[in-house]
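Asker: Counting from 115, one number per residue, gives the positions in the sequence shown under the working numbering.
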Amino acid sequence: MVTHGYKKIASTNGPAEKVGFVSILLLQWMNDVMKTGSQRALEENDFVPLSNEDTSQSVTDRLEKKWKEEKANFTRKEERPKLWKSVLKMLSLREVAYVLLPGVLFGISSLVTPLLIGYVIFMLMSPETHTNPILNGCMLAAAMTINTLIGSLCMQHNGYACEILSIRLSNAIKGLVYRKILLLSKSTLSKFSAGRVVDLISNDVQRMETAPAKFFIMIPAALQIVVATFLLAYLIGWQALMGELFLCLLVPYYIEMSSVYGTLRLHSAAEADRRISLTNQVVSGIRAIKARAWEDDFRGKIKHTRKREISIIRKKSAILSGLAALEYTSIPMLLSVISLLLTGHHLTPVNAFTLLMYMNLFRLNLCLDIGYGVVETHEAYVSLSRIEDFLILEDLLSISGDQCIEDKAITLKEKSVELPNNFTVMGSQSEKSEEKPLTDLRVNPFEIGTLYVSNLTFKEMKRKDEFILQDVEFIAASGTLTVVTGPVGSGKSTLLSAIAGEMSDIRGTMSRHGTFVYAPQVAWVFSGTLRENILFGEWYDESRYTRVVEACALTQDFQQFPNGDQTVVGERGAVLSGGQRARVNLARAVYVDADLYLLDDPLSAVDFKVGQHIFEKCIKGVLSKKTRLLASHQEQHMKDADQVIMLSKGRILGKGTFEELQDRGILNTTIDPLYKNSLTASVSDNTASEKEEKSDHLVSLATDSSGLEISVEDRAIGTVSSKLYWDYFRSGIHSLLIIGVVILCLITQTLMSAPDVWLMFLTRKRPSEQKDKTNLAIYGCLVAASFILGIVRSYMLFLVCLRCSERLHDKMVVALLQAPVLFFDSNPVGRILNRFSNDVGCMDELLPLQFVFTVQLMLLLLSAVIVPSVTNPWLVFVTIPVTAMILYFARFYLKSSRELKRLESICRSPVFSHISETLEGLDTIRTRGRQRDFKEKFYSHQDTHNQSFIMVRASGRWFGVRLEAIISLLIGLVILEAVLISQDAASAALALAYIIQTMVLTQYAVRKSSDVENFMTSVERVMAYTNLDSEPGYKVNRLPPEHWPREGNIAFYDVSLTYYPGGPQALKSINLDIKGGSKIGVAGRTGAGKSSFVAALLRMPDPDGEILVDGIKIKEINLQAARGCISSLGQTPVLFSGSLRKNLDIAQRFQDADLWQVLEDVQLKDFVESLEGQLDYELLENGANVSVGERQLICLARVLLQQNKIIILDEPTAHVDPGTEETIWRVVREKLKDSTLIIVAHRLNTIRHCHKILVFKEGGVVESGTFDA
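1. Would the segment 1124–1137 and the segment 1198–1215 be scored as touching if the rule is three or more Cβ pairs under 8 Å?
2. Among the residues of its own chain, which have a CB less than 6 Å from the CB of Lys-180, if the five just before and after it don't count?
3. Rounded to the nearest angstrom, what separates Gly-622 and Ser-611 at their Cα positions?
4. Roughly how many angstroms lie between the CA atoms of Arg-1012 and Asp-841, to the nearest whole one?
5. In the DSSP assignment, find the beta strand (DSSP E) that holds Tyr-711 and state where it starts and stops.
6. Identify the residues that DSSP records as bridge partners of Ser-738: which are they?
7. Report yes or no: do the segment 254–267 and the segment 282–299 share at least 3 C-beta pairs separated by less than 8 Å?
8. For the alpha helix (DSSP H) holding Gln-1316, just list the boundary residues, first then last.
9. Apart from the five residues on each side of it in sequence, which residues of its chain come closer than 6 Å, Cβ to Cβ, to Leu-1307?
10. The ligand SAM heavy atoms versus the CB of Arg-697: any closer than 6 Å?
11. For Ala-1328, which three-state DSSP category applies?
12. Report yes or no: do the segment 1220–1240 and the segment 406–414 share at least 3 C-beta pairs separated by less than 8 Å?
13. Between which two residues does the beta strand (DSSP E) holding Ile-759 run?
14. Would you check if there are 3 or more beta carbon pairs closer than 8 Å linking the segment 142–149 to the segment 1068–1080?
15. Which residues in the same chain have their Cβ closer than 8 Å to the Cβ of Arg-1152, if we skip the five residues on either side of it in sequence?
16. Would DSSP call Ala-633 helix, strand or coil?
17. Between Ser-304 and Leu-1294, is the Cβ-Cβ spacing less than 7 Å?
18. Let me make sure I understand the geometry here. Which of Ile-1029, Gly-1147, Ile-1188 has the alpha-carbon closest to that of Val-311?
19. Can you find a C-beta in chain B that's less than 7 Å from the C-beta of Tyr-212?
20. When DSSP builds the beta bridges, which residues end up paired with Tyr-1167?
21. Any chance you could list the alpha helix (DSSP H) runs of at least 4 consecutive residues sitting entirely within the segment 221–303, in chain order?
22. Evaluate Arg-99 with the Cβ neighbour count: other Cβ atoms within 10 Å of its Cβ, from every protein chain shown; 16 or more gives buried, anything less gives exposed.
23. Which residue marks the beginning of the beta strand (DSSP E) containing Gln-584, and which one marks its end?
24. Excluding sequence positions up to five away, which residues of its chain have a Cβ less than 7 Å from the Cβ of Phe-901?
25. What is the residue span of the alpha helix (DSSP H) that His-381 lies within?
26. For His-1356, name the three-state secondary structure that DSSP assigns.
27. Using 7 Å as the threshold, is the C-beta distance between Thr-259 and Gly-854 below it?
28. Please tell me whether Leu-75 and Glu-441 are closer than 7 Å, where the distance is taken between their beta carbons.
29. Taking DSSP as the reference, what is the three-state secondary structure of Gln-673?
30. Does DSSP classify Phe-572 as helix, strand or coil?
31. Does DSSP put Arg-686 in a helix, in a strand, or in coil?
32. Please report the straight-line C-alpha distance between Trp-1404 and Glu-1304, rounded to a whole angstrom.
33. If I follow the unbroken alpha helix (DSSP H) through Asp-411, where does it start and stop?
34. Leaving out five residues on either side along the sequence, give the residues of the same chain with a beta carbon under 6 Å from the beta carbon of Glu-561.
35. Determine the closest residue to Asn-1299 out of Met-148, Lys-300, Gly-151, Cys-252, with distance taken between C-alpha atoms.
36. From Thr-1038 to Pro-1326, what distance separates their C-alpha atoms?
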């Protein structure tokens, strides 16, 4: 976490500002990068600095300004603002001119080329009319070389300008989406889904990386068509325009297809959203999935969604196949030739091949530029509409920006909240409400730290006539402790979240005075060191830091870690126990010197002694002079509170002191006498241990273990091998089918060249023979056959690529589900999602299209070399050296380009990781006022990615400029050779037509093949994930005996556990014998090894030593089958998006009656009956639309439903009230009386009825026996 801004990657001057005109023109500023890349693998520090106008913050500011103006114009209208308008308005005249001017100059060059070639052919037809044909030929060769060189330079700079513009636009949109994330409530984001947000950032924004080039190229293309029409009509006649008319009639077809394609894009994107959302939930809840052996179920769900997605993409491929076949069809030429012959004209080499070159120009402009331009522009419009849907979501109220201390010099001031829907504002004294004070009349509601709440109401629309909060009123006076309590789902968390400004659609009146801090119920820990998590951007004050760490009982934990508080906690705090995560989350809040502290049940995940220490030393100690609002079920805390508020179904049942509420019968004390005894003992124990801890300070104890390291993303080095291509195609189809597709491609290309060869023969015939029906029929059949086979070839290639993509994705899902938990702990979520979103998106849609382009272009180039060489063997002496030179440059270029593309993919991952991290910790980030820090961190990641992406694009253009220079030289030499040897005009015309085609297509073909190789790095990255190491137990084929375990006996023999290589031992030589059917309680301080004991039994990871269940070593049976026989409920309740029914019974093995019974057992029947749809009620990702306590009870119901012989309950009632807890334990004892029950608990009365209690300390069992003993 960057604490105070970040150092910009870029210098203030970009490469274009540092170098001269020639360097800009020839992209010489890339020379050093390309040279370095040819010698060694490139690294991030080899990137050219970024200019200010290309930085993420700069382009985002520009787009946000236009977007705000667009929204302001629609405030009073029913229509919604259009993002595409803002994108267009964002472009400056200079940017548009830099794109269009080179495009127009390239168009002029393209129009002049056929005229020059026509003159050469005319000269060859009648050399006697020219006094000095050799001199004329040399002049024409020089003119042609200069013309093509200027045209190619303009084309390269037009393409580069479009690419830079694309990068700016995509970055601006990403930045706008990220800024919007920081303005939305977590409930709104949950409804939208995190998977959908990731898909917007990856696949939808990706459309903007190609759309501007396709959009802006249509303007010069249209101008070329208009001018070429007049030239053809003037030079040849109106008959020549019949082919163009056919192509123009295709434009409505393209427009209609673009609409269909856009609709299909919406549907495929929706399926991709669901797939990525599911994948995100799998990664987030992998421990729960593995513990319950649900790998096959989730694989099936993802595969089913994937099949629907691929089915839609196949339909899109059919449209693209038609476009690809039209791109190289000879139908327009056939129509024009027939029109000429039927109207009495005869074909000559001059008019036939001038017509052919202009028809090629029409075909490229109409089919390639305008055809694909319309389709891709419409697809980009659809993607912008999807992003627009996100951007117009209602913002959270602007009440969380500055309420927390951002600087020590901040002036404390009154913070008032303005909320919509009749939400009144509490302001100055003059605006004081006339209602009677809600508490003591002596309370000054305007004193610093005072909280005033009146008529606070919030209703969930999908619950039947039930308010989450209704008319909540109270005052928390400055410096007091207020405890909010109530049963599960009574609205405690919602109340604190609303006061923190994290809820939308709230009605009522609320006033906060001074600064505040909010610690949410679900602890958020990001992937950094422990110290970074606690400081969270604040300055390090050693004395305060030490005091906070001691007050939150973290000193001893820090000493156990290899690197003390500099230990990296891993993804989502993987190396921490649930209690440690809760205490780090609390310490982060307490470290800030605020006036009001909103603490949402921070002590539910810690054991009683630690909880009492924190309550005494932290909440009543460090925060003693602060206003504290504490949500808690623990009645022992209520006794020390100045005010207790009892909530039930969103309403206040009563408020006052603990004794007052008890006297009125609102609270019934359930503190066990044994609790009271331990309370006294714990205070003295903590006082004694505190002195020891202070002397040791925060350094770790001597240990040989090391901390967890976040793995560096894997990156291949060197060429993309032919084996990768072979493995890619073999993943989807059989070897014989691959050979069949290759033969089909060759036959198709032969037929595509045949009409042009036949045209050459026609021009040699007499006029009467040219009109012969047989000749025309042969010409027509060749054209028809080439067109039909062109469609078949394109569609086959698309289908093969999609088949391979589908298979590789399925393999990657299996590999991910079977990967060890260490993989998820050491790899950020964003990095994993990058493979499933961006890389799979490349495989699905970008790679197939580029592959089809490349195959067509390479085969066309092959024919462009063979056909002229056959007509004029002397050309071999020119084409071979030039081809060798091109291959040399291509090899030199690809060394750097593929490494740059790999780096670009790697640099993209931190962007996704940062977004995922932001989505998870959004309420903490916002209530702490750290939006600016996180935005700057996002800009930093984006700028690094920008640098790599610009390098990828610039390297392609660097190569293109040099390749075009070679091709221009080739054209001049071919013209010169044709003149010098006085070649036959028809043969020369065909050769020149193909050479010109080579000029246009060679650099395009090499760039497309480079794109294919670059996109193959996505295949490479996906394949790397298909080969992830799996947990060894998946490869064991032996299944457990039927109805195993029958007894539920468990034996541990010298069991030790280490979570990662070189890490500390979480369990140390455990030896236990648990009798079947017994109830075992597991107790101990947080971090003592209780959850590790459960992890060892579930083999997450595999422990050292042996564990036997009913006499069978669990290492010797299939891992998934073994886990499926054990029911477990972890510390953190895990729910998935989907219906409540599917969350309870994912395999759909039970009847509704069974589901209702377990819901009644866990006291949730009434709650579920109040939901819209009841069992079909749709839960959001992570169950975000139910409270944490309700999630815990749903998970417990799921365990009761399974009725397995071995049950593990790890703090199953930590987030429920004592009354509900007592009822649940009674049901558990009754329903699971024949099962072996292992209960991990912090509350002593939870395990008092167990047959045996195991007390853990520092990874070992230090005490065991009955509760009474």
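Backbone N, C-alpha and C fix where the C-beta goes; we use that ideal spot for every residue, glycine too. Computed from a predicted structure; not experimentally measured.
Answerer: The answer reads as follows:
1. no
2. Ser-200, Lys-203, Met-204
3. 14 Å
4. 19 Å
5. 710–714
6. Its beta-bridge partners do not exist; DSSP assigns none.
7. no
8. 1302–1316
9. Val-1276, Leu-1278
10. Ligands in the displayed structure: none, and consequently the ligand SAM is not present.
11. coil
12. yes
13. 757–762
14. yes
15. Glu-1230, Ile-1231, Asn-1232
16. strand
17. yes
18. Ile-1029
19. Among the protein chains of the structure shown there is no chain B, as only one such chain exists.
20. Glu-1220
21. 247–295
22. The question about residue 99 has no answer here: the residues shown for the chain are numbered 115 through 1383.
23. 581–590
24. Ala-439, Thr-443, Ile-445
25. 356–398
26. coil
27. no
28. In the structure as shown, the chain starts at 115 and stops at 1383, and residue 75 therefore has no counterpart that could be examined.
29. helix
30. strand
31. coil
32. The displayed coordinates of the chain run from 115 to 1383. Any statement about residue 1404 would go beyond what the structure contains.
33. 409–441
34. Ser-592
35. Lys-300
36. 25 Å
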